[in-house]
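J.: Numbering (this note's numbering), first residue to last: 291 to 725.
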Amino acid sequence: MIAAIQVHPHDIRDEGAESVVENIREKAGITIISPEVSALEERHPYPRGILPHNPVRGSLVSSATLEIPLDLRETQSQTPLKGLGPRIPFHPRLSGEALKGGDYIADLSRAASRYDCKVVPWLKALNAAFDRDIASCCVQTLDGDLVPTWLCPSKPESLSYVLLLVKSVIERYEVDAVLLDRIRYPDWSGAEVSPERMLTCFCPECRRLMSTDGINVDALMAALRKLFARTSGNEFSPEPGEPRLIAAWLAFRRKKITDLAAALRDEMKSFARDAKLWLNLWPPSFATYLGQDYAALGKLCDGAKHFPYHRLGGGADLKGLVEALAPYERGQERIFSRLLPLLNLPYDIGLREFARDGFPVDFVRNETAKGKDAFGETPVFSGIQIWDIPDEEIEPACRAALAGGADGFFFYCYGWATLSALEEVGRILKAIKSV
């Protein structure tokens, strides 16, 4: 059973690599540290509060920048890979620290080696801030709007980018495993809540490919527009033919993500045969709507972390989505009551209760069990929420994950959790190992 923890760039830069690793190793008893290669557009900590042991700042809002000094354009010119398609016309935007040559993961790796800890870089596949010509490669909404921080998995340039990113990180840090996140389509969250982001991709290439697969794209787009309008008006009954069309579209999206993962896995044999590919997936109840097919992806990776953060509703800002769809409380409660059965979530709770308490801890067990059923012998690691939660609620979440068949834990996350929460993790892990 593994125990890992995720860290953000500001953790290392503000507290120092030595202090961070010492806290992780000595307080939490964790030996696998997963540092973020590219940041997200998010508040730290999310959704409220302060960074409890950061000596520099109480909170911050990060952008989706690459946090290490990596030039993929140079890498591409020197990399002979059979799966490498056209030259990527875009480049991930580097943070100010990375532009100055700062490499916090290198600093972390040196400190980790002194404490017998392993570093597993945490990469984002299709989501980042990009410079140069991103318009030709990013996803497009139903209305043709660009989502410039998300690459379209149908584009060969997107595969080239992911291949170069994974290869460069594995070789730069000489690691034997990576955690690959954001291998999916956009959800509704980000710098702001946008339900329209879910209705992707309708770029010319995806429309052509859907037509080739037998999908009537014009009818699909009309059906999605009508469904979106009816949902916003609190009407949920589909019209004849709509469920079949939308199911075909969701299946198309799952296939595109699976094809991307398969190409990456095949190419990794040529440059990192012994490196483990771990995926970072949404909980199964949500994943299928974002292009993630657990049964297929389980055959293409060496394990996956999913994140059933029950107090946040599985890591999903469902409250934000519902509020974006319906401006009034009565309509919000109705939409929420319809979303739960759509996601196969058997909880008799209202939106107000969910916003206060999240899902019951049983959510962790149920989602982990679904993941294990789909993955078979491939390991499934449960993400465990250790921030914005009482210390005494961490152990029930761990026990629920184990009851669902979890093969280990990814604790989220170092900088948002209190030091007492890290100590509680250490106590729990000792207790589990002693059984």
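Every residue, glycine too, gets a C-beta built ideally from N, C-alpha and C. It should be emphasised that the depicted structure is a prediction, and the values quoted were computed from it without experimental measurement.
Give the C-beta separation of I292 and I322 to the nearest angstrom, bearing in mind that I take them to be a contact with Cβ-Cβ under 8 Å.
T.: Going by Cβ atoms, the distance from I292 to I322 rounds to 6 Å, so yes, they are a contact pair.
J.: If you follow the alpha helix (DSSP H) that Q622 is part of, which residue opens it and which one closes it?
T.: Here the alpha helix (DSSP H) through Q622 covers E619 to L632.
J.: Taking the alpha-carbon of R497 as reference, which of E529, L567, A551 and C442 has the nearest alpha-carbon?
T.: Nearest C-alpha to R497: C442.
J.: Pick out whichever of L632, V483, L453 and M511 has its Cα sitting closest to the Cα of A614.
T.: Ranking the options by Cα distance to A614, first place goes to V483.
J.: What residue does the beta strand (DSSP E) around C428 start on, and which one ends it?
T.: It spans C428 to Q430 - the beta strand (DSSP E) in which C428 sits, taken as one unbroken run.
J.: State yes or no: is the C-beta of F671 within less than 9 Å of the C-beta of A585?
T.: No, they are not a contact pair.
J.: Please report the Cβ distance between R422 and P359, rounded to the nearest whole angstrom; I am assuming they are in contact, meaning their Cβ atoms lie under 8 Å.
T.: Between P359 and R422 the Cβ distance is about 18 Å, and since that is not below 8 Å, they are no contact.
J.: How big is the Cα-Cα spacing for Q296 and G348?
T.: If I take the Cα positions, the gap works out to 19 Å.
J.: For G673, does the three-state DSSP call read helix, strand or coil?
T.: Strand, per DSSP.
J.: Within its chain, find whatever has a CB closer than 6 Å to the CB of K546; leave out the 5 residues flanking it on each side and keep chain order.
T.: Taken in chain order, the residues that qualify are P443 and S444.
J.: Would W440 pass as a contact of R487 if the rule is Cβ separation under 9 Å?
T.: Their beta carbons are under 9 Å apart, which means W440 touches R487 by this criterion.
J.: Measuring CB atoms only, is the stretch 504–522 touching the stretch 554–565, in the sense that at least three cross pairs come out at less than 8 Å?
T.: With a cut-off of 8 Å, the stretch 554–565 and the stretch 504–522 do not count as touching, because too few Cβ pairs lie within range.
J.: My output table needs one value for I473: the three-state DSSP class, helix, strand or coil.
T.: Three-state result, I473: coil.
J.: Leaving aside the five residues before and after S426 along the sequence, list all residues of the same chain whose C-beta is less than 7 Å from its C-beta, in chain order.
T.: Closer than 7 Å at Cβ, skipping near neighbours: P379.
J.: Rounded to the nearest angstrom, what separates S736 and N570 at their Cα positions?
T.: Since the first residue of the chain shown is 291 and the last is 725, residue 736 is not available in this structure.
J.: Starting from the C-beta of R333, find all residues in its chain whose C-beta is less than 7 Å away, skip the five residues before and the five after it, and write them out in chain order.
T.: Contacts found: S349 and V351.
J.: Nearest CA to the CA of V456: which residue from A577, K566 and Y704?
T.: Closest option to V456, Cα to Cα, is K566.
J.: Could you pull out every residue in the same chain whose Cβ sits closer than 6 Å to the Cβ of R544, ignoring the five residues on either side in sequence?
T.: Cβ within range, chain order: G581 and D583.
J.: Suppose you measure from the CA of L630 to the CA of G698; what does that come to, to the nearest Å?
T.: Looking at the two C-alpha atoms, the distance is approximately 27 Å.
J.: Report yes if the C-beta distance between N344 and G705 is below 9 Å; otherwise report no.
T.: In contact: N344 and G705 (Cβ atoms closer than 9 Å).
J.: Leaving out five residues before and five after L602 in sequence, what residues of the same chain have Cβ atoms less than 7 Å from its Cβ?
T.: These residues qualify, in order along the chain: G648 and Q675.
J.: Around the Cβ of A721, are there at least 16 other Cβ atoms within 10 angstroms (buried) or fewer (exposed)?
T.: Answer is exposed; the Cβ neighbour count stays below 16.
J.: On the CB-based measure, 16 or more other CB atoms within 10 Å of its CB, does N656 come out buried or exposed?
T.: So N656 counts as buried.
J.: Considering Cα atoms alone, identify which of R534, E619 and K589 is closest to A513.
T.: Minimum Cα distance to A513 is reached at R534.
J.: Kindly give me the distance between the Cβ atoms of K609 and F644, rounded to whole angstroms, as I take these residues to be in contact under 8 Å.
T.: With 8 Å as the limit, K609 and F644 qualify as a contact, their Cβ atoms being about 7 Å apart.
J.: Nearest to E623 by alpha carbon, out of I639, L470 and S353?
T.: The option with the nearest alpha carbon to E623 is I639.
J.: Can you tell me which of H600, H596 and V612 puts its alpha carbon nearest to the alpha carbon of P669?
T.: When only C-alpha atoms are compared, the closest one is H596.
J.: Who are K414's beta bridge partners in DSSP?
T.: Note: K414 sits in a beta bridge opposite D471.
J.: Shortest alpha-carbon distance to A481 belongs to which of A419, L449, I424 and P530?
T.: Checking every option, the nearest Cα to that of A481 belongs to A419.
J.: If we call anything under 9 Å between Cβ atoms a contact, is L432 one with M511?
T.: Cβ atoms of L432 and M511: closer than 9 Å.
J.: How is I292 classed by DSSP in three states: helix, strand or coil?
T.: I292 falls in the strand class under three-state DSSP.
J.: With H, G and I counted as helix, E and B as strand and the rest as coil, what does DSSP make of N570?
T.: The answer is strand: DSSP assigns N570 an E or B state.
J.: Contact between the stretch 380–394 and the stretch 403–410: three or more CB pairs below 8 Å?
T.: In short, these stretches do not touch, since the Cβ pair count stays below three.
J.: Buried or exposed: S501, going by 16 or more other Cβ atoms within 10 Å of its Cβ?
T.: So S501 ends up on the exposed side.
J.: If you draw a straight line from the C-alpha of F542 to the C-alpha of A318, how long is it?
T.: So the two alpha carbons sit approximately 42 Å from each other.
J.: Do you know offhand how far G679's Cα is from D397's?
T.: A small correction: the amino acid at residue 679 is Ile; Gly does not occupy that position in the sequence shown. Using only the alpha carbons, I get a separation of about 30 Å.
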